[in-house]
Structures are given as C-alpha cells and as structure tokens.
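Please read the structure below before turning to the comments.
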Amino acid sequence: MGPGNENQAISKTLEVGEILAIRALAAFVPTSLWKTAGHRLAPRAGLRDTGRSVLLNLSELIQKTSALVSRAGGELRQQGILQPVEVDRITDDSRQISNASVFAVTALSQNHLESALDRNPAAIIAPANMISGALLEAYSKKGLILFGGKPARSRPEWLLSLMAGAFFDHPDRKMDIVAVTGTNGKTSISRMIYHAWKKQDVPCAVIGTLGATIFADGRESTIQTGYTTPRSYQLLELLADMERTGVEKVALEASSEALALGRLEGIRMVGAVFCGISVDHLDYHKTMERYFLAKAHLFSLVRRSEGRAIIQDLGEQGPDPYAKKLVEYVKRIGMDFTVVREFRPFDLNVPVDFNIRNANLAWLASGAEHDAKLFADMPDVPGRMNRLDVLPGLDAIVDYAHTPDALERILGQLKKTGYHRIYCVFGCGGDRDPSKRILMGQAALEAATDVIVTDDNPRSEDPDEIRRQIMEARNVPGLSPSYETLRNIGDRKQAIRLALQEASEECRKGLRCCVLVAGKGHEDYQIYGKEKRHFSDAEVVMEFKAEVKS
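So for the sequence shown, my numbering puts the first residue at 939; every next one is plus one.
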C-alpha cells in the first residue's frame, strides 16, 4: 500500500455513511447550562464529592455537538421539531436509563432498544441502519429527529464521544493526557508514567485494564471500569470527576478496538506512546493491516492537538516493521516524534529486557529528568511478572501474557535466568482470536521444558476444542521443541498445582525451577458460558505454598 493510500485507509477506518436519530420525549423546564445540585458522579467513581452535578438542556447539547461535528468537517441535519428537554446522563446501557437520560443505540446496545424505550428516556440517539424501517416510521410519529453527518462515521461512538465532550464541558482540555497503545506493555508503561508523575507530587491519574487510579491531595483511590479504554461517555465522566478533584495529568491505555470504534474522537491528548504490535485481536480487526491502522489512528488524533509521538522501534527480533510504517505516517502528517532505539538503565523490581524498554518509554512520556532510580520504589503492577517465592529454588510467576509475542518474551527471559526446568501453564480465551492459539502453543513448546495447556475463560466455546487447537502446535512443521512433557488438563487449579508439585520435587533434587502461570494475571475469575466464577492464579499458588511449608 502506497503512502497516499495508507493515509486514506487510516482516515477511512472510522468513516462510513451514518444517519442519527434523536427522539425527545420529556418536557423542559428552563435552566442554566450547568447546575450545582449535589455531585452524583464522584461518589460512584470513588472520587471526592465536590457537590456538583451535570444537567444540560438537550437543545444546547445538540447545538454544541453540532458545532464540534462542523469543525470536524461534517454537519448535523435536523428534520422536524426538537422537543426541549433537560438531560443529566448519556449512556448506551439500557439499565442506567432514567427519564432524564439520553440513550445511545450502539453495536453493544442495539438489541436492547425496546427495553430502553420502556424506561422512558429523555432522548434516544441511534444510527438509522441499526433500526428497522418500521421502527423508524413508528418513532417518527412520536417526534423522531433525523441527523446526518458528513463525513459521517461507521460507529455511533464517534458522535457519542463528541456529545459526551460537550455534555461534560471538555474536561480533557483542562489536563494533559498521554495515551499508550500497543499489543503488549500498555498497562506497565501507563502505570510507570503515573508513578513518575506521582513521585513528583503531581495530581495525576491512570486509566486502563486495571481500572482507574487517581492521586490527588496526597491520597490514592482506584475503581474498576470494565474496559481497557472506557466507553466514551464513561471516559469523559471519569475525566470530569478527575478534573474537579484537581488532576493535571492522565496516562490512558488506548486499545485498538476503542480507537476503531471512535471512543477517543474529540479527546485532547498531548502525547502518544507506541510500544509495538504483534498478533492479537484478529477476531475483531480481521487482518494485521487493519489492526495497525486502528493503532495508527491514535496518532492522527494526537496530531490535532499538536501533541508528540514516542515510538519504540526495537522488538524481540530487532527493528519493528510496524514502527517503521508508523514513523513514515507521523512524518507525513507533520507530527513531532521521538524514535526510541537505545535504552538507558533503570533500577527495576523486574529488570528484564522488555521491562527496561517499558521504563524508557514511560520516562520519556512523563517528561521527568532521567534518574536510574525513578521506578526503583514502584509497586509491582498487578498480574505483570509477579514473582512468588514458593520454596528456596522454586519461583512461580503470574503474568497476563495472553499473546504469542508476550509468552515468547517472558519465556525467553526465564531461559536467560538459568532455571533448570521451566513449567508453563496457560490457555487461550474463548470467543477471541483463534488464530493465535497454535502460535501460543508453539511459543511454549519452543521455550519451556514442561507445558500444561489448560482453560482460560472459554466463554461460549467448548474448552476441550480450544485446548485441542493449542495442542496442534506439536505438529507444526519446523518446530524447534525444547519441551519434555506436554499435557492437557482443563481444570486450571489442578494444572497449576500439578506444575508446582512436580517443580517442588525437582527443586528438592537441587534443581532450580520456575512455574510460569500465564494468561490471566490480575484477573480473579474464570468465565464459562455466561457464568463468571471466582478464580485467582496467585491464590492457587499461595495456597500451595502454605501447604508445603506447613
């Protein structure tokens, strides 16, 4: 793909024709733009109650959103009369609707439109292609208002992001947001950026896979968000709460799905960090090219704010071809950027190669002066290379590694450590990219001495079939195996305990051993079908440790 076509493809990642419908239902009592009637957002977010709540006139909301869309080169075309109504929430969760809510019909919520209507929301916004002609006709009789945008977007989250920005008065414009994107390393890097700011006593926050953590007034609190990158209205709500508590800087994990959906459209960001991509999420993006384009779109968003890019151009196997493509792209759009190929030393709790690279990216993104001890006192990132000493000579490591590249990197580092035996216990998630299953199996078989394939959130899929697909790695032509044993044990607790038991026996013979439990990391659940059961890899390890020491 040539430079011009690639640039065009990045733009088209989110742009397809769209018509939005707004149905206004409630009466309007004139109010000022913002009300201060007891802040209801902060307590729910686990942040300080500042005594302020958001209320916005629907017509004002549409007017402000229209202006944002217009500045983006589009327009909102109104057909019919917009009924005046006051709004206090924007959501695509039908369970959160009140008669003062704006309900957004998105890909996640389109099957709940009827239940949403039963809750009598103040307004509904929806792409017309998500509603049948019969429903459109029925809603038109009740005051349906049609909007069209050009250039319109394929996902309603694009408009939802702009609308949420207008609703919450653009808190992103009152703080510095640095976004981190890449297949592996987002959580560690964003947490390191946050730590560097916190160490300078800067009111700051981090939002990502582990939830949202805020540091302000010398206090720290964390809530769960449910997404690596929250839905646009949730993200703006979080940022608004953070801004009201005095937060000045935010580190944000930017997932490829969130970027493709348009959750970050209209968000002001001053920096973007690229930590590389490898095979993952192809169930959603279908091809690595589309996966890359979703990641690259972040940099076009940051460019709008005249922000800066930090690009890592060194993977496990040398220069990263996707980093090279990204450098070419940011050059074309006239963006300031730094390419990181050489890495300074840092004192780290886990001083492995990829963590040193993470530390360098975080240091540059934080703007802090170089100090080898910048991250020396940083707490372990939950579920990321968490080392648990089971017995003298026996280590267990719990890590979130759930991609072939991540598993290969960790096992490669463990081999350098000098363990006599490395046990690898892992599985692959159901209803997720199936193409990586055999690749993860191959990574394990080529680096570990003992491999146990087990369950990892099989969801609606047959767990036996998922494990069978992973086990097919032993038949890959050209495989360079290092494994001595390969077993298929669906019960994850049993699999972990077996690895620990065998490793402890080897340890008593004088052999230094390691058990890597990969895939779930910080997660404390297993998902079978729609049932979420409590389960923690770390808890299983610690239970075993207590038993052998008793």
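Glycine is no exception: its CB is placed at the ideal position from the N, C-alpha and C atoms.
Remember, it's a predicted structure, so these values are computed and weren't measured experimentally.
- Would you check if the distance between the CB atom of Leu1332 and the CB atom of Ala1441 is smaller than 8 angstroms? yes
- Is the stretch 1167-1179 close to the stretch 1094-1103, with three or more CB pairs under 8 angstroms? yes
- Message: Could you check whether the Cβ of Thr1125 sits closer than 7 angstroms to any heavy atom belonging to the ligand ZN?
- Response: The ligand ZN is not among the ligands present in this structure, which contains no ligands whatsoever.
- Query: For Tyr1357, is the classification buried or exposed, using 16 other Cβ atoms within 10 angstroms of its Cβ as the cut-off for buried?
  - Reply: buried
- Starting from Ala1297, trace the alpha helix (DSSP H) both ways and give me its first and last residue. Asp1291 to Ser1304
- Look up Thr1423 in the DSSP assignment and give the residues it is bridged to. Asp1388
- Message: Tell me which residue opens and which closes the alpha helix (DSSP H) that Gly1103 is part of.
- Response: Glu1095 to Phe1105
- Contacts around Pro1342, its chain only, beta-carbon distance under 8 angstroms, and the 5 residues preceding and following it disregarded: Ser1216, Val1217, Lys1374, Leu1377, Met1378, Gln1380 and Ala1381
- Task: Check whether the Cβ atoms of Ala1054 and Asn1037 lie closer than 8 angstroms to each other.
- Result: no
- alpha helix (DSSP H) containing Lys1136: first to last residue? Lys1124 to Lys1137
- Task: Provide the residue span of the beta strand (DSSP E) that contains Val1185, from first to last.
- Result: First-last for Val1185: undefined, no H or E at that position.
- Rounded straight-line distance, which links the Cα of Ile1063 to that of Ile957: For Ile957, the pLDDT reaches just 31, beneath the cut-off of 50, and the residue's location in the model is therefore unreliable, leaving the point undetermined.
- Item | Exposure of Asp1056, with buried meaning 16 or more beta-carbon neighbours within 10 Å | exposed
- Straight-line Cα distance separating Arg1405 from Arg1412: 12 angstroms
- Query: What residues in its chain sit with their C-beta under 6 angstroms from that of Asn1058, if we drop five residues either side in the sequence?
  - Reply: Asn1037
- Rounded separation between Ser1194 and Lys1487 - CA only: 45 angstroms
- Applying the criterion that 16 or more other CB atoms from any shown protein chain within 10 Å of the CB defines a buried residue, is Thr1183 buried or exposed? buried
- Per the contact definition of three or more C-beta pairs closer than 8 angstroms, is the stretch 997-1012 in contact with the stretch 1154-1167? no
- Item | Buried or exposed (CB count within 10 angstroms, at least 16 for buried), Pro1330 | exposed
- Item | Extent of the continuous beta strand (DSSP E) run through His1472 | Glu1469 to His1472
- Query: Do Ile1248 and Leu1299 have their CB atoms nearer than 8 angstroms?
  - Reply: yes
- Message: Tell me which residues share the same chain as Arg1027 and place their Cβ nearer than 6 angstroms to its Cβ, disregarding the 5 neighbours each side in the sequence.
- Response: Ser1039
- Message: Only counting the same chain, and skipping five residues up and downstream in sequence, which positions put a Cβ closer than 7 angstroms to that of Ala1306?
- Response: Ala1134, Gln1138 and Leu1312
- Select from Leu1326, Arg1370 and Thr1119 the residue whose C-alpha is nearest the C-alpha of Cys1452. Leu1326
- Task: Pick out whichever of Tyr1260, Asp1107 and Lys1136 has its Cα sitting closest to the Cα of Arg1228.
- Result: Tyr1260
- Task: To the nearest angstrom, report how far apart Thr1423 and Gly1200 are at their CA atoms.
- Result: 46 angstroms
- Task: Could you tell me which of Arg1435, Asn1395, Val1389 and Gly1428 sits nearest to Ser1420, measuring between CA atoms?
- Result: Val1389
- Task: Taking Lys1470 as the reference, give the member of Glu1485, Ala1456 and Ser1398 with the closest Cα.
- Result: Ser1398
- Message: For the alpha helix (DSSP H) containing Phe1230, name the first residue and the last one.
- Response: Met1226 to Arg1242
- Message: Between the alpha carbons of Val1023 and Arg1033, how many angstroms are there, rounded?
- Response: 20 angstroms
- Buried or exposed: which applies to Gly1459, given that a residue is buried once 16 or more other Cβ atoms fall within 10 Å of its Cβ? buried
- Query: Out of curiosity, what's the CA-to-CA distance linking Ser1170 and Lys1447?
  - Reply: 55 angstroms
- Message: Using the Cβ count rule (16 or more neighbours within 10 Å means buried), how would you classify Gly1214?
- Response: buried
- Item | Coil, strand or helix - Tyr1338 by DSSP | coil
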